[in-house]
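Note sheet for the following structure.
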Amino acid sequence: MDDSDDMFGDLPGGERKAADSGAAELEAAGQNAMFAAPSPAPAEQSPPEAPAAPAIEAAAPPVHAAPVTEAVQPYRVLARKYRPQTFSELIGQEPMVRTLANAIARERLAHAFLMTGVRGVGKTSTARLIAKALNCVGPDGQGGPTIDPCGQCEPCRAIAEGRHIDVIEMDAASHTGVDDVREIVEAVRYAAVSARYKIYIIDEVHMLSRNAFNALLKTLEEPPAHVKFLFATTEVDKLPVTVLSRTQRFDLRRIPTALLEQHFASICRQEGVEAEAEAIALIASAAEGSVRDGLSILDQAIAHADLESGGDEGDAGGGQARVTAARVRDMLGLADKGAQRRLFGALLEGNPQAMLEAVDRQYALGVEPLALLRAAMDLTHRVALAQTGRGEADAPMQEEREAIGQWARDMSPGQVHRLWQLLLKGYDEVRGAPDPLAALQMALLRALHAADLPDPGALAQTMREMAASGAASGVAAGAETPGHGAETAPDWKSLVERIDQSGAMHLASRLRLQVCVIELAPGRLLYRQEDGFDDDLRPELRAALMAVTDRRWTVEIAEGEGTPALAAQEQAAKDAEAAEIRGHDLVKAAFAAFPGAEILTEDHDQPRPGDGRHWNKQP
Ligand SMILES: [Zn+2]
Numbered sequence: 003m004d005d006s007d008d009m010f011g012d013l014p015g016g017e018r019k020a021a022d023s024g025a026a027e028l029e030a031a032g033q034n035a036m037f038a039a040p041s042p043a044p045a046e047q048s049p050p051e052a053p054a055a056p057a058i059e060a061a062a063p064p065v066h067a068a069p070v071t072e073a074v075q076p077y078r079v080l081a082r083k084y085r086p087q088t089f090s091e092l093i094g095q096e097p098m099v100r101t102l103a104n105a106i107a108r109e110r111l112a113h114a115f116l117m118t119g120v121r122g123v124g125k126t127s128t129a130r131l132i133a134k135a136l137n138c139v140g141p142d143g144q145g146g147p148t149i150d151p152c153g154q155c156e157p158c159r160a161i162a163e164g165r166h167i168d169v170i171e172m173d174a175a176s177h178t179g180v181d182d183v184r185e186i187v188e189a190v191r192y193a194a195v196s197a198r199y200k201i202y203i204i205d206e207v208h209m210l211s212r213n214a215f216n217a218l219l220k221t222l223e224e225p226p227a228h229v230k231f232l233f234a235t236t237e238v239d240k241l242p243v244t245v246l247s248r249t250q251r252f253d254l255r256r257i258p259t260a261l262l263e264q265h266f267a268s269i270c271r272q273e274g275v276e277a278e279a280e281a282i283a284l285i286a287s288a289a290e291g292s293v294r295d296g297l298s299i300l301d302q303a304i305a306h307a308d309l310e311s312g313g314d315e316g317d318a319g320g321g322q323a324r325v326t327a328a329r330v331r332d333m334l335g336l337a338d339k340g341a342q343r344r345l346f347g348a349l350l351e352g353n354p355q356a357m358l359e360a361v362d363r364q365y366a367l368g369v370e371p372l373a374l375l376r377a378a379m380d381l382t383h384r385v386a387l388a389q390t391g392r393g394e395a396d397a398p399m400q401e402e403r404e405a406i407g408q409w410a411r412d413m414s415p416g417q418v419h420r421l422w423q424l425l426l427k428g429y430d431e432v433r434g435a436p437d438p439l440a441a442l443q444m445a446l447l448r449a450l451h452a453a454d455l456p457d458p459g460a461l462a463q464t465m466r467e468m469a470a471s472g473a474a475s476g477v478a479a480g481a482e483t484p485g486h487g488a489e490t491a492p493d494w495k496s497l498v499e500r501i502d503q504s505g506a507m508h509l510a511s512r513l514r515l516q517v518c519v520i521e522l523a524p525g526r527l528l529y530r531q532e533d534g535f536d537d538d539l540r541p542e543l544r545a546a547l548m549a550v551t552d553r554r555w556t557v558e559i560a561e562g563e564g565t566p567a568l569a570a571q572e573q574a575a576k577d578a579e580a581a582e583i584r585g586h587d588l589v590k591a592a593f594a595a596f597p598g599a600e601i602l603t604e605d606h607d608q609p610r611p612g613d614g615r616h617w618n619k620q621p
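In short: position in the sequence shown from 1, add 2, done, that's my numbering.
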């Protein structure tokens with residue numbers, strides 16, 4: 003109860019906020035009160051229906067309120083209490099304020115203004131500030147329109163309290179009809195009772211009916227000099243062009259999260275409420291650019307904190323209440339988007355510890371596993387949209403936009419779609435699982451391991467390359483040039499191939515099966531014959547070797563183990579290659595991504611590049 007004194011005065015403000023339970027209600031009450039205000043004007047008598055009812059409502063709160071309620075109900079309507087009373091208190095809208103200041107300084111004021119923006123960014127606050135700016139007479143009663151209304155003169159105080167006779171506020175959401183507007187149009191003809199300008203503030207103006215707009219249009223075309231219209235809307239697209247073209251438009255921006263944080267922290271200080279920085283940050287990010295939404299969350303958080311600290315203190319002196327991050331997270335539940343992003347980020351970075359920790363923290367706060375998975379799916383969806391260039395406006399918070407933009411650049415569209423598939427599969431699993439938390443962890447881990455996968459096209463390419471390199475390395479030195487010179491150590495495998503190609507296919511086949519080479523040098527071969535064979539290959543082998551190498555060969559059977567026969571080598575190589583493929587990171591990831599997948603090998607002697615391996619998901 004300090005710097006807002008100028009607005010509420012000492013009595014009515016403080017009592018009124020205790021009497022109502024929510025910012026929205028107060029908002030409505032305030033608007034009705036202002037709407038009812040014109041009734042004393044002489045012209046109002048002709049259509050008497052409308053203004054009567056709201057007038058009663060409006061008068062009510064100060065009468066019913068009793069100071070006692072304050073202690074019983076620790077709920078503080080901060081959005082009302084800290085409504086900006088000067089343009090400098092209006093946070094995040096500097097460009098608009100500058101334009102307006104210029105217009106006032108140069109006396110080039112439009113007769114109709116349109117304030118647009120999402121809910122809670124300060125549209126009606128701005129409208130009231132403009133009303134003050136236009137009607138302020140200064141403390142000495144001699145001042146003119148100013149961007150710095152004094153807040154002390156009678157017009158300033160009356161407007162702040164919602165009782166100025168010439169500032170008429172109307173909520174088009176509840177007064178959509180042509181009669182409501184006709185009433186205004188009638189009243190417009192008469193001069194202001196006590197102020198410089200007669201000001202009509204119409205909130206949610208897009209809600210007016212077509213006829214109501216038409217009725218208003220004539221007045222907007224030829225407005226009396228003493229009348230100003232201030233329109234506010236969340237849905238500017240719904241306004242007729244004829245109205246748009248006759249107003250000066252101000253687009254109020256969402257308030258950046260950092261600015262909201264400062265604002266909320268300062269309010270906590272003024273309220274004597276201790277709040278953890280992280281708690282404030284959580285509230286600011288959940289507010290998504292809206293001061294009013296953020297303040298109503300802060301209201302709740304303080305109410306919780308009050309209850310925990312005993313709750314028997316009045317709101318003026320309370321220094322015990324402490325708003326903690328844990329409590330706020332608890333309160334916000336799913337709305338903790340920062341936690342969702344951290345979880346999703348850990349998943350994409352392939353950091354299982356961080357990911358599972360994030361899951362545990364959220365679970366401990368009472369967030370359902372299914373909800374966590376949904377949040378991850380939501381982020382995936384938005385990354386996909388961002389990759390198409392859409393979805394930017396979808397994320398109101400800068401942090402979120404940046405994160406999504408970064409992920410959209412980091413991942414290929416194929417990866418995003420695979421991730422979506424994996425999460426979707428996980429969603430079904432978690433929903434049907436007896437232990438949803440375990441199912442969630444498994445589903446996220448599977449997605450985590452698979453997130454490294456390249457596109458299907460890149461995967462196929464990699465598999466081809468692996469098949470090719472497997473063929474080369476699996477059979478040791480197989481690809482070396484055949485030994486034809488004396489210096490080059492001859493290579494048994496290529497010798498056999500040459501024998502095969504020279505037409506001695508039957509001999510080549512027996513050589514592959516039976517010959518375990520002990521020593522191989524130019525012109526000299528010592529070998530052990532594989533167990534179970536007893537045909538003497540030596541004469542035939544000598545002749546064949548001489549035929550393919552143009553030299554005489556000593557070929558003898560000798561003692562020793564020798565290198566396994568070529569046929570045995572090939573089998574061993576195939577086995578090793580399959581094992582190696584299974585051990586490859588990429589393949590591990592693929593197996594993680596497609597549980598139940600298997601490696602299929604074509605039935606041929608050795609793998610050839612391009613046709614060796616296929617990845618198929620079993621039906
Ligand atoms: Zn003033």
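For glycine and all other residues, C-beta sits at the position ideal for the given N, C-alpha and C.
Roughly how far, in whole angstroms, is the beta-carbon of residue i from the beta-carbon of residue j, given that I think they are within contact range, below 8 Å?
i	j	result
V120	S292	6 Å
R324	E280	Contact flag wrong, Cβ pair sits at about 13 Å.
F89	L232	About 14 Å; that fails the 8 Å criterion.
V245	I201	Their Cβ separation, rounded to whole angstroms, is 17 Å, which puts V245 and I201 out of contact at 8 Å.
I257	V123	6 Å
I304	I285	Rounded, the Cβ-Cβ distance is 10 Å, inconsistent with contact.
Can the beta-carbon of residue i be found closer than 9 Å to that of residue j?
i	j	result
I149	A162	no
A546	I501	yes
V330	L446	no
A327	E290	no
T101	M117	no
A81	R344	no
L450	G352	yes
A197	P226	no
T221	V229	yes
D181	M172	no
L421	T382	yes
P566	P524	no
L218	V187	yes
R512	D537	yes
L543	Q531	no
G145	Q87	no
Which of the three DSSP states, helix, strand or coil, is assigned to residue i?
i	result
R100	helix
R324	strand
L116	strand
I282	helix
L92	coil
L358	helix
P63	Reliability of the predicted coordinates at P63 is poor, the pLDDT of 38 falling under 50, and no value is obtained from them.
E276	strand
R448	helix
D295	helix
Q573	helix
I106	helix
Y429	helix
Report yes if the C-beta of residue i is less than 8 Å from at least one heavy atom of ligand 1; otherwise report no.
i	result
P141	yes
Q154	yes
C138	yes
P147	no
C270	no
P86	no
K134	yes
P157	yes
Would you check whether ligand 3 has a heavy atom nearer than 8 Å to the C-beta of residue i?
i	result
P151	As presented, the structure is devoid of ligand 3, carrying ligand 1 as its sole ligands.
Who does residue i pair with in a DSSP beta bridge?
i	result
V517	Q531
K200	V229
D493	BP columns for D493 are empty, so no partner.
R251	L116
A440	According to DSSP, which records beta bridges pairwise, A440 is partnered with nothing at all.
I170	Y202
R526	A523 and T556
T235	T118
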